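Report on one structure; see the data block that follows.
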Amino acid sequence: MTTDSSRSARTSRSAADGISTFKGQERALRADRLGTGGLLLSVLAATAPLMVVAGVMPTTFAVMGIVGQPLLFVVLGVVLVLFSLGYAEMSRHVHNAGAFYAYISRGLGGTAGAGAAMVALVAYNALQVGIYGIFGFEVSGLFATYADLEVAWWIPSLVALAAVGALGWLKIDVNARVLGVLLVIEVLLVVVFDIAAIADPGKEGLSLHAFNPDTLTGAGVGTALCFCIAAFLGFEQAPVYAEETSRPHVLVPRVMFLAVTGVAVFFAISSWALTVATGPAGIVATSQEQSAGLLFFLTESRLGGTFTDVLHILFVTGMFAAMLSFHNVVARYAFAMGREGLLPSAFGRTTGTSGAPGTGSLLQTGIAAVLVLAFAVTDDKPTGDPTAPVLHLFTWFGNIGALGVIVLMAIASLSVVVFFVRRGAAGAQAWRLVTSVLAGLALAVIAGYTVKDFDVLVGAGPGSVLSLLLPGIIGLALVAGLVQGLVLRSRAPGTHARIGLGNEAFQLDKEAERAP
């Protein structure tokens, strides 16, 4: 493992190792593009609130039979706040679009950072691509319901892919406005449902039974945690945009805490509202009967058909917002990796007019297009199950991505501890180090449950090869990244020393160019 000072010194000698230096600001993301509001909206859009309330929550109730899902959101909120205390403090010292892998590099060294970079690239790509599946399925259903028109799921998926790719080339503040409008509308609609459910509860009244710890007994709690933690994914993305804010040391920690606490409270209340509407005793059976139609079933009787129709449409636009948010994150990871030699240097450049990481955006669009088309080819309509390819795309890739991010958070927690201990700040940061250790242990347990119960998460049968093959993709990504890191350490030490430094390497190279 390498200290910051030695790595910085080696980076300044990178020209001698044959590493090209940064020649212009196209190697840096444009600063001052996002304030607190824009950053918060960009981050929260990835959580797809309506998709969680309409999709994740009914599935968790139905599959796991856990009435205490609202309490699970509270528990996970506490765990992620503990994680954020160290993670946010790290963000004050490291400003890099590579976020997770940059932090891990600073704590555990460049080789570990290379492994984390590959995991992040695979995980966020998987999350983004998976949503294309459910998006296409839902849009196809809307055409069938409201226009009596049969449209193959992959057609709206590809249209959305093109739209997301085009937006990815625009200024990030333009993206933030698009995300903000879509996010605010879907959150308001969920709040309207929550109020309606509380005002017109089921036969058990305003019961708080779902917050009773007794509801979290049984073998399914660990798997339910895996379902629920996926709903939080997005809050950890704030440091990815650090270079594009005016005061990253202030805005990034602020947004992370606002995001994680806001998400925990919002989802705890909304999942409780579902139990109130059906009655705690009936939530599991009703979820099993209605599946992903639970929310719409409950709004139909309380708020009418028009509201429910609007909710269906906003369900789709919320997915689009999540796809755009994850797309932006993948593009910035690719940019950071290209800038630091983990991907070809072409990915480490921004577009001249918007300052967006255009090549990284193209990479993500290309990967998404290939995977969507691959699943479209396997669509076995009309002889087989027409939902199989699209739902597999969503469940398989969504859970692969969730596992990758959970693993990254667990490793980042360890990296925070090592980083501050090495800087001689263990005493000053003692309480943050304790919270990082606690969060890391909790996240490692959740990651273990995710791997153990992957067959349940993806709907495969017991003993299915998918339960090994799909989580194995994250393992392979980690191994590939570590091997790349070791090769760079041996053959290109200057590039290895650059890993995780981001703009600091840029500044060091400029100083080296000016030196006599």
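In case it helps, the working numbering puts the sequence shown at residues 407 to 922. Ideal Cβ placement from N, Cα and C applies to all residues, glycine included. Owing to the predicted nature of the structure, the values given are computational and were not obtained by experimental measurement.
Between residue i and the rest of its own chain, which residues show a CB-CB distance below 6 Å, the 5 nearest in sequence each way excluded?
i                 : result
alanine 603       : Ala679, Val682 and Ala683
glycine 628       : Tyr855
threonine 714     : Phe702, Thr705 and Glu706
alanine 468       : Ser693 and Gln694
phenylalanine 803 : Ala532, Val535 and Gly536
serine 821        : Tyr509, Ile510, Gly513 and Leu514
leucine 527       : Tyr739
asparagine 805    : Leu863 and Val864
valine 458        : Ala637
glycine 424       : No answer about glycine 424 holds up, because its pLDDT of 35 lies below 50 and its placement is not dependable.
Comparing alpha-carbon positions, which option in the options lies nearest residue i?
i                 : options                           : result
valine 481        : Gly516, Ala460, Leu450 and Leu849 : Leu849
alanine 834       : Glu495, Met457 and Phe489         : Glu495
phenylalanine 479 : Ala605, Asn531, Gly846 and Leu631 : Leu631
threonine 623     : Phe641, Gln475 and Leu799         : Gln475
leucine 456       : Gly688, Val722 and Thr756         : Val722
alanine 670       : Ser896, Gly483 and Pro868         : Gly483
leucine 884       : Val525, Val862 and His615         : Val525
phenylalanine 663 : Leu491, Gly867 and Val871         : Leu491
leucine 589       : His615, Gly516, Trp575 and Met725 : Met725
alanine 532       : Leu876, Arg897, Ala898 and Gly887 : Leu876
arginine 453      : Met470, Phe741, Gly471 and Tyr530 : Note on identity: in this sequence residue 453 is threonine, with arginine being the wrong assignment. Here the closest residue by C-alpha is Tyr530.
leucine 477       : Tyr647, Val545, Phe672 and Gly867 : Phe672
phenylalanine 781 : Phe800, Pro763, Thr771 and Ser767 : Phe800
leucine 486       : Leu892, Leu888, Leu777 and Val843 : Val843
glycine 710       : Leu657, Val598, Asn805 and Thr757 : Val598
aspartate 861     : His798, Leu814 and Leu777         : His798
alanine 691       : Thr465, Pro659 and Pro763         : Thr465
histidine 615     : Ala687, Pro659 and Leu700         : Ala687
isoleucine 689    : Ala866, Phe617, Gly471 and Ala752 : Gly471
isoleucine 812    : Ala836, Phe826 and Val857         : Val857
alanine 380       : Ala698, Ala831 and Glu610         : This structure gives no information on residue 380, because the portion of the chain shown stretches from 407 to 922.
leucine 446       : Leu700, Leu585, Ala505 and Ser819 : Leu585
Within the same chain, show all residues whose beta-carbon is closer than 7 Å to that of residue i, passing over the 5 residues directly before and after it, in chain order.
i              : result
valine 570     : Met729, Leu730 and His733
glycine 878    : none
glycine 542    : Trp559, Trp560, Pro562, Ser563 and Val796
isoleucine 817 : Ile510 and Ala522
alanine 550    : Glu556
valine 449     : Gly640, Phe641, Gln643, Ala644, Val661 and Ala665
valine 462     : Phe633, Ala636 and Ala637
leucine 888    : Thr517, Ala520 and Gly521
Go ahead and label residue i buried or exposed: buried means 16 or more other beta carbons lie within 10 angstroms of its beta carbon, across all protein chains shown.
i                 : result
phenylalanine 428 : Because the pLDDT at phenylalanine 428 is just 39, under 50, the model does not fix this residue reliably, and the point stays unresolved.
glycine 906       : buried
tryptophan 559    : buried
proline 619       : exposed
threonine 712     : exposed
proline 750       : exposed
arginine 653      : exposed
alanine 808       : buried
leucine 839       : buried
aspartate 859     : buried
glycine 790       : Residue confidence for glycine 790 is low, a pLDDT of 47 falling below 50, so the modelled location carries little weight; the figure read from the coordinates is stated next. The residue in question, glycine 790, is exposed, as its Cβ has fewer than 16 Cβ neighbours within 10 Å.
serine 896        : exposed
threonine 784     : exposed
glycine 747       : buried
proline 868       : exposed
glycine 574       : buried
valine 473        : buried
aspartate 606     : exposed
alanine 762       : buried
arginine 745      : buried
aspartate 600     : buried
valine 545        : buried
Which same chain residues, not among the five before or five after residue i, have their C-beta less than 8 Å away from its C-beta?
i             : result
alanine 775   : Leu564 and Leu567
threonine 841 : Leu488, Phe489, Leu491 and Gly492
Do residue i and residue j have their C-beta atoms closer together than 9 Å?
i              : j              : result
alanine 520    : leucine 894    : yes
threonine 705  : leucine 720    : no
tyrosine 823   : glycine 443    : Reading off the sequence shown, one finds valine at residue 823, where the question assumed tyrosine. Not closer than 9 Å, so no.
serine 693     : valine 596     : no
alanine 451    : alanine 727    : yes
isoleucine 540 : isoleucine 852 : no
valine 517     : leucine 882    : The displayed chain sequence assigns threonine, not valine, to residue 517. No; because the gap between Cβ atoms is not below 9 Å, this pair is not in contact.
glycine 846    : threonine 651  : no
valine 656     : tyrosine 647   : no
tyrosine 507   : methionine 815 : no
glycine 810    : asparagine 502 : no
glutamate 610  : glycine 668    : no
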